Amino acid sequence: MHAPLFWRRLARDRWAMVGLILVIALVALAAAAPWLARGDPLRGALADSVHPPSRAFLFGTDVQGRDVFARVLFGARLSLSVGLVSQAIACALGLALGLVAGYAGRWVDAGVMRLADVTLAFPSLLLLIAIAAAVRPSLPLVFVVIGVVGWAGMARLVRGQVLVVRALEYVQAARALGASDARIIARHLLPNVLAPVVVAATLGIGGAIMAEAALSFVGLGAQPPTPSWGAMVADGRDLLRAAPWVSLFPGVAIGLTVLGVNLLGDGLRDALDVRAR
Numbered sequence: 225m226h227a228p229l230f231w232r233r234l235a236r237d238r239w240a241m242v243g244l245i246l247v248i249a250l251v252a253l254a255a256a257a258p259w260l261a262r263g264d265p266l267r268g269a270l271a272d273s274v275h276p277p278s279r280a281f282l283f284g285t286d287v288q289g290r291d292v293f294a295r296v297l298f299g300a301r302l303s304l305s306v307g308l309v310s311q312a313i314a315c316a317l318g319l320a321l322g323l324v325a326g327y328a329g330r331w332v333d334a335g336v337m338r339l340a341d342v343t344l345a346f347p348s349l350l351l352l353i354a355i356a357a358a359v360r361p362s363l364p365l366v367f368v369v370i371g372v373v374g375w376a377g378m379a380r381l382v383r384g385q386v387l388v389v390r391a392l393e394y395v396q397a398a399r400a401l402g403a404s405d406a407r408i409i410a411r412h413l414l415p416n417v418l419a420p421v422v423v424a425a426t427l428g429i430g431g432a433i434m435a436e437a438a439l440s441f442v443g444l445g446a447q448p449p450t451p452s453w454g455a456m457v458a459d460g461r462d463l464l465r466a467a468p469w470v471s472l473f474p475g476v477a478i479g480l481t482v483l484g485v486n487l488l489g490d491g492l493r494d495a496l497d498v499r500a501r
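Anchor point for the sequence shown: position 37 equals 261 in the numbering used here, and the numbering is continuous, going up by one each time.
What follows is the structure, encoded as structure tokens:
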């Protein structure tokens with residue numbers, strides 16, 4: 225699809241534009257966090273413990289007197305990192321295994337798909353918790369675990385696209401002319417599967433952010449005092465009546481981020497759909 229047509233389709237989708245604005249706003253706030261944050265996201269004063277929202281503390285403070293606004297801003301950096309890195313891992317694994325399975329077929333296809341079926345058979349959140357609980361929690365581990373768990377769906381998507389494309393006449397002609405398998409995969413198959421992969425990865429970012437928040441909520445994600453939206457929601461669960469802002473603002477941040485990414489992903493899917501007019 226030509227780029228001008230793609231952008232025209234995307235621009236006509238109002239909800240996609242809303243999602244794009246939310247995502248751009250999140251990226252801008254995360255990038256400007258050191259300049260926008262008034263307080264220290266890691267340290268606080270007990271004298272300011274559970275301070276309600278005010279001019280001094282826009283989102284209030286938590287039990288340790290830390291600025292919730294500063295922690296939400298720096299937590300955005302963590303969420304974006306988790307979403308992007310984990311989806312990069314999922315895409316790399318899914319693309320490689322999906323391309324090989326779809327093109328090679330036979331026992332290779334059967335083996336990869338059975339492994340994907342086993343991975344998809346387990347609820348993803350339970351699988352994440354089980355893997356994260358088996359080793360010492362750390363941020364690099366969170367990135368890898370979420371990415372590895374997400375490979376199966378990506379591989380099935382890529383494999384399905386490859387099965388369609390490899391049967392096309394120009395692919396068969398390239399094979400008849402003696403083109404190597406690597407050349408056919410790189411030149412003919414890979415470009416045709418990138419569009420759905422981009423859409424799936426975009427939608428997967430929202431799921432990865434939710435997964436990181438869930439892991440941090442149960443203490444298996446980012447470890448204190450690292451600002452994580454999930455951990456912040458967990459910190460405020462016993463203060464919902466006395467200090468609801470401790471959980472409210474990071475919870476709203478999670479919701480708006482996932483909403484923005486999903487709206488943008490839906491818009492990308494529609495804009496890249498060759499059947500759409």
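Every residue gets a Cβ at the ideal spot worked out from N, C-alpha and C, and that includes glycine. Keep in mind that this is a model prediction, so the values were computed, not measured.
- Rounded to whole angstroms, the separation of the alpha carbons of L304 and V423 is 17 Å.
- D462 carries a helical assignment under DSSP once its states are collapsed to helix, strand and coil.
- Of the residues L244, D286, L250, the one whose Cα lies closest to the Cα of D462 is D286.
- The DSSP-derived three-state label of D286 is coil.
- By the C-beta criterion, the stretch 250–266 is judged to be in contact with the stretch 289–305, since at least 3 inter-stretch pairs fall below 8 Å.
- By the criterion of a C-beta distance shorter than 6 Å, P451 is surrounded in its chain by P265, R295, F298, G299, once the five residues flanking it on both sides are discounted.
- Note on I245: under 16 other CB atoms within 10 angstroms of its CB, so exposed under the neighbour-count rule.
- In the three-state DSSP reduction, D291 falls in the strand class (E or B).
- Under the DSSP assignment, L250 falls in the alpha helix (DSSP H) whose first and last residues are 238–255.
- V382 and G326 have their alpha carbons spaced roughly 8 Å apart.
- Under the 10 Å beta carbon count, E393 is surrounded by fewer than 16 other beta carbons and is classified as exposed.
- Assigned with DSSP and collapsed to three states, G445 falls in coil, not helix or strand.
- Taken through DSSP and simplified to helix, strand or coil, H275 comes out as coil.
- Contact between the stretch 463–478 and the stretch 329–343 is absent, with fewer than three C-beta pairs closer than 8 Å.
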